[in-house]
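Here is the structure we will look at, set down as structure tokens.
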Amino acid sequence: MALTAPYVLEYTYRRSVGPVVGQFLTGLRDQKFLGMKTSSGRILVPPPENDPETGETLSEMVAVGDAGVVTTWSWVSAPRKNHPLQKPFAWALVKLDGADTAMLHVVDVGEGGMEKMSTGMRVRARWKAERIGHVTDVACFEPESPQAVTR
Amino acid sequence: MATREIAVVSFAQTNSRRNELDETEMLLPVITEAVKRSGIARSDIGFTCSGSCDYLGGRPFSFVMVIDAIGAWPPIEESHVEMDGAFALYEAWVRLQHGDIDAALVYAFGKSSQGDLPDVMVTQLDPYYVAPLWPDSISLAALQARAMLDEKRCTELEMAEIAVRNRKSAKANPHAHLKGDHLAANLLGEPYAVAPLRRHDCPPITDGATAIVLAAGDLARKVCKRPAFIRGIDHRIEPHALGLRDLTRSPSTKLAGERAGVGKGKIDVAELHAPFTHQEVILRDALGLGAEVDVNPSGGALGANPMMVAGLNRIGEAAQRILDGKANRVLAHATSGPCLQQNLVCVLEAE
Chain H
1 MALTAPYVLE YTYRRSVGPV VGQFLTGLRD QKFLGMKTSS GRILVPPPEN DPETGETLSE
61 MVAVGDAGVV TTWSWVSAPR KNHPLQKPFA WALVKLDGAD TAMLHVVDVG EGGMEKMSTG
121 MRVRARWKAE RIGHVTDVAC FEPESPQAVT R
Chain B
1001 MATREIAVVS FAQTNSRRNE LDETEMLLPV ITEAVKRSGI ARSDIGFTCS GSCDYLGGRP
1061 FSFVMVIDAI GAWPPIEESH VEMDGAFALY EAWVRLQHGD IDAALVYAFG KSSQGDLPDV
1121 MVTQLDPYYV APLWPDSISL AALQARAMLD EKRCTELEMA EIAVRNRKSA KANPHAHLKG
1181 DHLAANLLGE PYAVAPLRRH DCPPITDGAT AIVLAAGDLA RKVCKRPAFI RGIDHRIEPH
1241 ALGLRDLTRS PSTKLAGERA GVGKGKIDVA ELHAPFTHQE VILRDALGLG AEVDVNPSGG
1301 ALGANPMMVA GLNRIGEAAQ RILDGKANRV LAHATSGPCL QQNLVCVLEA E
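One line per chain: the protein sequences are H and B, in this order.
So that you can map any letter, position 58 of the first sequence is 58 in my numbering, and since no number is skipped, the others follow by simple counting.
So that you can map any letter, position 259 of the second sequence is 1259 in my numbering, and since no number is skipped, the others follow by simple counting.
In structure tokens form, the structure reads like this:
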């Protein structure tokens, strides 16, 4: 007779995100994007703990806008099961207003397809109603409508 | 500081494909063959270093399982990098600089087909800002390709031509996985995989293993007619945040190439680890390779892309051309991370 034993695969650790990533994620919960200011005055979003050029420890976090410009993008017509959107969508690097670097997220163009996407287009974050301090608190970005610009 | 002369004296690789073998079964014949070809007794190999990835095996310390393939007795001095085998070769080169041993064995293995590879690659990304979105490896490469097209650094037709050239070259390589004759214009009629990348712009999912034996100066000359001497080797890395980088350039490759001395002489053959077509354009630019350089006569990573092995294969394929007397000065490049984040450049020469 074969012997059997239960096997539970688990990750029995709690991970701490630390002061910088933690502040950024807490900001998302409050519908705010935070960037990190470097000694040369650049604002990096998402914020790193150290200056990528000098290695200096950074701590001055500043708010940036929740809309910005697409610097590059790719188009997924058949989403994979783990993708944040289960309809055709774009991956994009988005440089938020006030930031000097771009962050990765997804763009939902609504009706239509790839023809709605272009480098340099403006997009705005669509927030989830229930936010927990996670990068997916931003449901996606959406093309910014002309009305939204003046809002 | 003068460096000790180290040469590639033998190279062996599996016939790359998706196979039914486990990692040890892939490795055993390859290691046996490389050691045999080297003419160096196993007992004279002072250091062994490997490159592989636990996430491909889906289990921790998966590299321990393959110790069977190198022989666990008598005890050996052994190390491992959770990287492409090219970086294991770098460690072995450094180890040989100590001067107390004269030969090293380097090997790499990857069973890329065991999981859903584009998703498995997500595990290498920033766990807080990026990985929770599950950007697969093809989607990220496509962001880089779009940036190249926007900057007019290449066209979709040129990308297709790179695929055509590599897969044609792969026909002459019995170890290659994806080979054949295509017309670039026809390929452009195919649908996008993740736009602007089409299927032909992407590498195959390949299982494979490779082994290389390194030997220091006098031993290399004794066992090998035309050792491929490593005249320069260097690796550099860029920030992991994609938005901090100019994705259309590879400053880490440029710097590694300068420090490896690429420009000190004419390059006959360059083996570039460019899994995606547009990446070949970026690497050629970063290394200053003109049209006269024979790039990827093996078919490159577009011809066979065993994960953790394809970079070491570039060193092996380039070195083999020296061993065979077909080239005098060659360049090999290996990459790691998304969108060419980390890059190694190695220059090898005949005497």
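Glycine included, C-beta positions come from ideal geometry on N, C-alpha and C.
Check the Cβ of residue 101 (chain H) against every Cβ in chain B and list those closer than 8 Å, keeping chain order.
1241, 1243 and 1244
Quick one: what's residue 1306 (chain B) bridged to in DSSP?
Beta-bridge pairing links residue 1306 (chain B) to B:1206.
What is the DSSP secondary structure of residue 1333 (chain B), reduced to helix, strand or coil?
strand
What are the residues of the region 101-118 of chain H that lie near chain B, defined by any Cβ-Cβ distance shorter than 8 Å?
In summary, the residues of the region 101-118 of chain H whose CB is separated from some CB of chain B by less than 8 Å are 101, 102, 103, 104, 105, 106 and 114, in the order they occur in the chain.
Hey, is residue 28 (chain H)'s beta-carbon within less than 8 Å of any beta-carbon in chain B?
Chain B contact via Cβ: absent.
Assigned secondary structure, residue 150 (chain H) (DSSP; H/G/I helix, E/B strand, else coil):
Note that residue 150 (chain H) has pLDDT 41, beneath the 50 cutoff, so the model's placement of it is unreliable and no number is given.
Among B:1006, B:1213 and B:1022, which one has its Cα closest to the Cα of residue 1037 (chain B)?
B:1213
Please list the segments of the alpha helix (DSSP H) lying wholly inside the region 1-39 of chain H, counting only runs of 4 or more residues, in order along the chain.
18-29
Please state whether DSSP places residue 1215 (chain B) in a helix, a strand or coil.
strand
Within 10 angstroms of the Cβ of residue 130 (chain H), are there 16 or more other Cβ atoms? Answer buried if so, exposed if not.
Label assigned to residue 130 (chain H): exposed.
Which parts of the region 1229-1283 of chain B are runs of the beta strand (DSSP E), unbroken and 3 residues or longer, counting only runs that do not cross its ends?
1269-1271
Any non-hydrogen atom of the ligand MG within 7 Å of residue 1007 (chain B) CB
What this structure holds is no ligand at all, so the ligand MG is not there to describe.
Quickly, what does DSSP pair residue 1061 (chain B) with across the bridge? List them, please.
DSSP output for residue 1061 (chain B) lists no bridge partner at all.
Under three-state DSSP, which class holds residue 1349 (chain B)?
strand
Determine which residues share a DSSP beta bridge with residue 94 (chain H) and list them.
H:70 and H:103
Can you name, in chain order, every residue of its own chain whose Cβ lies under 8 Å from the Cβ of residue 1040 (chain B), other than the five neighbours on each side?
1009, 1103, 1213, 1215, 1219 and 1223
Pair every Cβ in the region 1224-1236 of chain B with every Cβ in the region 1316-1331 of chain B, then say whether three or more of these pairs are closer than 8 Å.
yes
Please report the straight-line C-alpha distance between residue 90 (chain H) and residue 1314 (chain B), rounded to a whole angstrom.
33 Å
Test: residue 88 (chain H) CB closer than 8 Å to a CB of chain B:
no
So what's residue 60 (chain H) in DSSP terms, helix, strand or just coil?
coil
Environment of residue 7 (chain H) [buried if 16+ CB atoms lie within 10 Å]:
exposed
Members of the region 1177-1192 of chain B near chain H, C-beta cut-off 9 Å
1191 and 1192
Specify the secondary structure class of residue 1094 (chain B) as computed by DSSP and reduced to three states.
helix
Would you list the one or two residues that DSSP bridges to residue 122 (chain H)?
H:69
Check for me: the beta strand (DSSP E) holding residue 45 (chain H) runs from which residue to which?
Premise fails: residue 45 (chain H) is in no beta strand (DSSP E) and is neither H nor E.
If you follow the beta strand (DSSP E) that residue 1174 (chain B) is in, where does it begin and where does it stop?
Where residue 1174 (chain B) is concerned, there is no enclosing beta strand (DSSP E), given that its DSSP letter is neither H nor E.
Just checking: is the beta-carbon of residue 1227 (chain B) within a distance shorter than 8 Å of some beta-carbon in chain H?
no
Chain H contacts made by the region 1143-1177 of chain B, where a contact means CB separation under 7 Å
1143, 1146, 1147 and 1150
Can you tell me whether DSSP reads residue 1186 (chain B) as helix, strand or coil?
Residue 1186 (chain B) sits in a helix when the DSSP states are folded into three classes.
Could you name the residues of the region 1241-1270 of chain B whose beta carbon sits closer than 8 Å to any beta carbon of chain H, in the order they occur along the chain?
1241, 1242, 1243, 1244 and 1247
Cβ closer than 8 Å: which chain B residues qualify as neighbours of residue 93 (chain H)?
1143, 1242 and 1243
Against residue 1134 (chain B), what residues of chain H qualify as contacts under a CB-to-CB distance less than 8 Å, listed in chain order?
80, 82, 83 and 84
Classify residue 141 (chain H) as buried or exposed, calling it buried when 16 or more other Cβ atoms lie within 10 Å of its own Cβ.
buried
Relative to the C-alpha of residue 1087 (chain B), which candidate in B:1308, B:1288, B:1002 and B:1320 has its C-alpha closest?
Of the candidates B:1308, B:1288, B:1002 and B:1320, the one whose C-alpha sits nearest the C-alpha of residue 1087 (chain B) is B:1308.
Quick check on the burial criterion: 16 or more other C-beta atoms within 10 angstroms. Buried or exposed for residue 1288 (chain B)?
exposed
I'd like the span of the alpha helix (DSSP H) that includes residue 1069 (chain B), first residue to last.
Note, residue 1069 (chain B): premise wrong, no alpha helix (DSSP H); not H, not E.
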